[in-house]
Amino acid sequence: MTSTVPRTGTVRLAAESVSLAYDDRVVVRELDLQLTDGSFTAIVGPNGCGKSTLLRALGRLLRPVGGQVLLDGRAISRTPTREVARVLGLLPQTPVAPEGLTVGDLVARGRHPHQSWLQQWSRDDEAAVSEALTWTDMADLADRPVDELSGGQRQRAWISMALAQGTDLLLLDEPTTYLDLSHQIDVLELVARLHTERGRTVVVVLHDLNLAARYAQRLVAMDDGRLVASGAPEEVLTEQLLADAFDLEARIVPDPVAGTPMVVPVRRLR
Amino acid sequence: MRLAYLAVSPREPLVSSSTDAALRRHGPGGPGGAEGTAPQRGGLLQQRRTRLLGLLLLLVLVTVAATLSIAVGSRSIGLGAVWQALTDPGVPTEETVIVRELRVPRTALGLAVGLALGVAGALAQGHTRNPLGDPGLLGVTAGASLGVVLAIHLLGIGTPAGYVWFAFAGALLGTVLVFALGSAGRGGATPVTLALAGAALSALFYALVRAVLVSDTDSLDAFRFWVVGALAGRGADVAWQVAPFLLAGLLLALVNAPALDLLGLGEDVARGLGQRVWLARLVGLAAVTLLCGAATAACGPIAFVGLVVPHVVRAFTGPAHRWLVPCSGLLGAALLLLADVVGRVVVRPGELQVGIVLALVGAPFFVALIRRRRLAGP
Numbered sequence: 001m002t003s004t005v006p007r008t009g010t011v012r013l014a015a016e017s018v019s020l021a022y023d024d025r026v027v028v029r030e031l032d033l034q035l036t037d038g039s040f041t042a043i044v045g046p047n048g049c050g051k052s053t054l055l056r057a058l059g060r061l062l063r064p065v066g067g068q069v070l071l072d073g074r075a076i077s078r079t080p081t082r083e084v085a086r087v088l089g090l091l092p093q094t095p096v097a098p099e100g101l102t103v104g105d106l107v108a109r110g111r112h113p114h115q116s117w118l119q120q121w122s123r124d125d126e127a128a129v130s131e132a133l134t135w136t137d138m139a140d141l142a143d144r145p146v147d148e149l150s151g152g153q154r155q156r157a158w159i160s161m162a163l164a165q166g167t168d169l170l171l172l173d174e175p176t177t178y179l180d181l182s183h184q185i186d187v188l189e190l191v192a193r194l195h196t197e198r199g200r201t202v203v204v205v206l207h208d209l210n211l212a213a214r215y216a217q218r219l220v221a222m223d224d225g226r227l228v229a230s231g232a233p234e235e236v237l238t239e240q241l242l243a244d245a246f247d248l249e250a251r252i253v254p255d256p257v258a259g260t261p262m263v264v265p266v267r268r269l270r
Numbered sequence: 001m002r003l004a005y006l007a008v009s010p011r012e013p014l015v016s017s018s019t020d021a022a023l024r025r026h027g028p029g030g031p032g033g034a035e036g037t038a039p040q041r042g043g044l045l046q047q048r049r050t051r052l053l054g055l056l057l058l059l060v061l062v063t064v065a066a067t068l069s070i071a072v073g074s075r076s077i078g079l080g081a082v083w084q085a086l087t088d089p090g091v092p093t094e095e096t097v098i099v100r101e102l103r104v105p106r107t108a109l110g111l112a113v114g115l116a117l118g119v120a121g122a123l124a125q126g127h128t129r130n131p132l133g134d135p136g137l138l139g140v141t142a143g144a145s146l147g148v149v150l151a152i153h154l155l156g157i158g159t160p161a162g163y164v165w166f167a168f169a170g171a172l173l174g175t176v177l178v179f180a181l182g183s184a185g186r187g188g189a190t191p192v193t194l195a196l197a198g199a200a201l202s203a204l205f206y207a208l209v210r211a212v213l214v215s216d217t218d219s220l221d222a223f224r225f226w227v228v229g230a231l232a233g234r235g236a237d238v239a240w241q242v243a244p245f246l247l248a249g250l251l252l253a254l255v256n257a258p259a260l261d262l263l264g265l266g267e268d269v270a271r272g273l274g275q276r277v278w279l280a281r282l283v284g285l286a287a288v289t290l291l292c293g294a295a296t297a298a299c300g301p302i303a304f305v306g307l308v309v310p311h312v313v314r315a316f317t318g319p320a321h322r323w324l325v326p327c328s329g330l331l332g333a334a335l336l337l338l339a340d341v342v343g344r345v346v347v348r349p350g351e352l353q354v355g356i357v358l359a360l361v362g363a364p365f366f367v368a369l370i371r372r373r374r375l376a377g378p
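Heads up: the protein sequence lines correspond to chains X and U, in order. Take the first sequence: its position 172, counted from the start at 1, is 172 in this note's numbering, and no numbers get skipped. Take the second sequence: its position 368, counted from the start at 1, is 368 in this note's numbering, and no numbers get skipped.
Right, dumping it as C-alpha cells:
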C-alpha cells in the first residue's frame, strides 16, 4: 500500500544532535533525525518518551538546549517566524477555538503568514480558503461555530486551516486524540490524502501503533528521550522493540486489510 | 482486545473506499469546484452586514449619548440653545458658558475615557483568554490607586490634575510588574500566568493602599472621592493631560487587534501561523496600560465598562478583534456618557458619580449575561 522510498531524497527538516529540556529536566537527548521531501513519518513511543516535545522543537515552538533544528538546511531558530510559517504548518494536540468562531473564519486565519499590512486579504487567500474548505469537505459547515461541531468535524476544520496555510511541511501532534475509532480513521485518511494528493511532507505523533503502521511510510520510535528505531513499519515494529520500549509482550501479525504490521498485545512486562 | 477486533472486522479496505469517495465528490476535475464556495460567501456577506449595522447603531448611540450629556444636567438646556452655544461665537450667556466651559469638556472626557476603557477591556479579555478579564485583572487599576494614594499622602496633592501623573506612573508600574512576573516562568507570558500575577500584585497594592488610608484620615478623604470614579470636577486640563496617552494607546490597540485573533487560537497555533507571541503580548499590554492608566488617572477606577462592553459587542461582531476592539470602544464611550447623564438626573440637584451608576447598572446586567451565556456553568 505505501511506498517506503521517498519521492525525492532532499532533506527538508532535520534534527542535529538535538537536546530538549523543560527547565532543568532533560526530555530529549542528542537526537538526530532527517525528514525527506514528500515523506510521511509517524513518531511513536510510550507516554513521556519525548515525542511531542521533539515535534514542538521541529516546529520551532521549543528552542533546543543543545544541537539545532534545520529547515531546508537553515537553522530554524534563526529563521523569522513568518518565514517558517510559510513552509511549515503545525497543529498542536486538541487545539481550542474561541467561542463563536466559525469554521470559515478559522480556516481564513490560516492565511496569516501570507498577509501583510499592505495586503490584508487577497484573491489568493480567498481561493486558498474555499479550496481548503471544499477539499476537507467542510464547505457546507463554513458558517457553523467550531465549538458546536463534533470532535471529528472539529479536527477536520483545524486540518483545513493547516491546508489553507499552504505549507509544504505539516506537523501534527496526536490528531486523533479523543476521537472514536471511525473518526480516527477519518482524520488519518485526510492526512494521508494531504500526503498523497497534495504532496505534503507529513510528520505526525501517534499513539496507536497499528494506525501509525498503516498510514505512515516511516516510523520513528522513541524511548526515554532517545531515538530507538527508525525505518519502514515492518522494520521498526518488532516484538523486541515493543518489549524494550513499551514494556509490552506482544505478537506482530500482518494487518489483514493493509498488510502492514499489527500489534496484538499479550501482557505488560515488569 | 480492541485491536484484535479491528483485525477480524469484515469491513472493506478503508483506504481505497475513501479515495473513491473523494473522487466521486470532486469529480475527475479535482477539488475546488464553485459549488463549495457558495455557502461560505453567503455567510460572510451576512456576517459583514450584521457587523456594519452594529457599527452604525453604535455610532448613532454615541451621538445620542454625547448630545444628552451636553443638554442634560442640574440645569437642562434645550437643543437649540446647545446648538447656538456650540456654533455662535456671539455674546456669552449663562447657558453658553455652561455648555462650553463645563458640559463640552466633561462630555469629551467621558467619550475619551469610555472609548479607552472599552478598548482596553477587549484587549485584556483577548490577552488573558478570559471572558471575565478586565484591565483591573492586569494590575493597572491597583497600581494607579497606589500611585494616587501615595501622591496624596506623601506630597499632599489634592486635585485630579495633580493626581494624573502619579496614577499613570502607578498603572505603568503595575503592568510592568505583572508582565515581568507573568513571563518569568518557562512558557513566557501566558494567559494564566498573567492573570495570576495580576491578581497577586493587585492584592499587594490594595493592601498598601489600605495601610496608608488607615493611618491617614486626610488622605482617606481625598482618596474616597477619586476612587468612586467620576467625570465631574475634571476640567479640560485633565483631558488634555491624558489625551496623548489615550491616542497612543488607541493606535497600539488597533495594531494589536489582528494578532489577538491568532493568539485566540492558542499560543502554539499562533506561533505556527507566524505570529511573534511575545511581541503581540508586549504591544497589547502597552496599549492596555496607556488606555486604562490614562482613563483611571483622569476619572478614577471605573469598573464594569471594560468587563461588560466586549461581551455585548461580541454578540454581533463575533470573536474577530478587528471589529471587536473598535466597536468595544464606541459602546464604552456611549455607556459611560449615558451612565454619567443618569447620575446627574437621579438625585437632583445632587449628582451620583458615574462609577457608582455603572456598578449599579452593570452588576445585575453582567450577572444576567453570565447566566444567559452559561459562562458560569460547568
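Note that beta-carbon positions come from the ideal geometry of N, C-alpha and C, so glycine has one too.
Given a threshold of 16 other Cβ atoms within 10 Å of its Cβ, counted over all protein chains shown, does residue i qualify as buried or as exposed?
i: U:Ala388; result: In the structure as shown, chain U begins at 1 and stops at 378. Residue 388 of chain U is therefore absent and cannot be evaluated.
i: X:Glu131; result: buried
i: U:Glu267; result: buried
i: X:Gln155; result: buried
i: U:Val353; result: Per the sequence shown, residue 353 of chain U should be read as Gln rather than Val. Buried is the call here.
i: U:Ala180; result: exposed
i: U:Leu251; result: exposed
i: X:Gly259; result: exposed
i: U:Ser69; result: buried
i: U:Asn256; result: buried
i: X:Val264; result: exposed
i: X:Arg218; result: buried
i: X:Asp208; result: buried
i: U:Ser74; result: exposed
Where does the unbroken beta strand (DSSP E) through residue i begin, and where does it stop?
i: X:Val204; result: 201-205
i: X:Phe40; result: 40-44
i: U:Gly80; result: Counting along the chain, U:Gly80 falls outside any beta strand (DSSP E), though it belongs to the alpha helix (DSSP H) covering 79-87.
i: X:Thr36; result: 25-36
i: X:Arg267; result: 261-268
i: X:Arg251; result: 248-254
i: X:Gly89; result: 88-91
i: X:Asp137; result: Taken as a continuous stretch (DSSP letters only), X:Asp137 belongs to no beta strand (DSSP E), as it is neither H nor E.
i: U:Asp221; result: Segment 217-227 is the alpha helix (DSSP H) holding U:Asp221; no beta strand (DSSP E) there.
i: X:Asp224; result: Premise fails: X:Asp224 is in no beta strand (DSSP E) and is neither H nor E.
With DSSP as the reference, identify every bridge partner of residue i, one or two as the case may be.
i: X:Gly231; result: X:Leu219
i: X:Gln68; result: X:Glu16
i: X:Tyr311; result: As displayed, chain X neither begins before 1 nor continues past 270, which places residue 311 of chain X out of reach and without an answer.
i: U:Leu263; result: Per DSSP, none; premise fails for U:Leu263.
i: X:Ala75; result: X:Leu70
Can you find a CB in chain U that lies within less than 8 Å of the CB of residue i?
i: X:Ala14; result: no
i: X:Asp105; result: yes
i: X:Gln165; result: yes
i: X:Val202; result: no
i: X:Thr79; result: no
i: X:Gly259; result: no
i: X:Ala221; result: no
i: X:Arg268; result: no
i: X:Gly199; result: no
i: X:Leu101; result: yes
i: X:Arg123; result: no
i: X:Arg251; result: no
i: X:Val82; result: The displayed chain sequence assigns Arg, not Val, to residue 82 of chain X. For X:Arg82, the answer is yes, since a Cβ of chain U falls inside 8 Å of its Cβ.
Spell out whether any CB of chain X is found under 8 Å from the CB atom of residue i.
i: U:Gln353; result: no
i: U:Ala320; result: yes
i: U:Asp88; result: no
i: U:Pro31; result: With a pLDDT of 39 at U:Pro31, under the threshold of 50, the predicted position of this residue should be treated as unreliable, though the coordinate-derived value follows. Chain X contact via Cβ: present.
Can you pull the chain U neighbours of residue i, defined as C-beta to C-beta under 7 Å?
i: X:Gly89; result: Gly272
i: X:Val96; result: Gly266
i: X:Ala85; result: Gly272, Leu273, Gly274
i: X:Pro92; result: Gly266, Asp268, Val269
i: X:Glu234; result: Here the premise fails: no neighbours, minimum Cβ distance about 17 Å.
i: X:Pro113; result: Leu273, Gly274
If you follow the alpha helix (DSSP H) that residue i is part of, which residue opens it and which one closes it?
i: U:Leu273; result: Premise fails: U:Leu273 is in no alpha helix (DSSP H) and is neither H nor E.
i: U:Asp340; result: 321-346
i: X:Leu62; result: Neither: X:Leu62 is in no alpha helix (DSSP H) and is coded neither H nor E.
i: U:Leu115; result: 104-128
Please list, in chain order, the chain X residues whose beta carbon lies closer than 7 Å to that of residue i.
i: U:Asp261; result: Arg109
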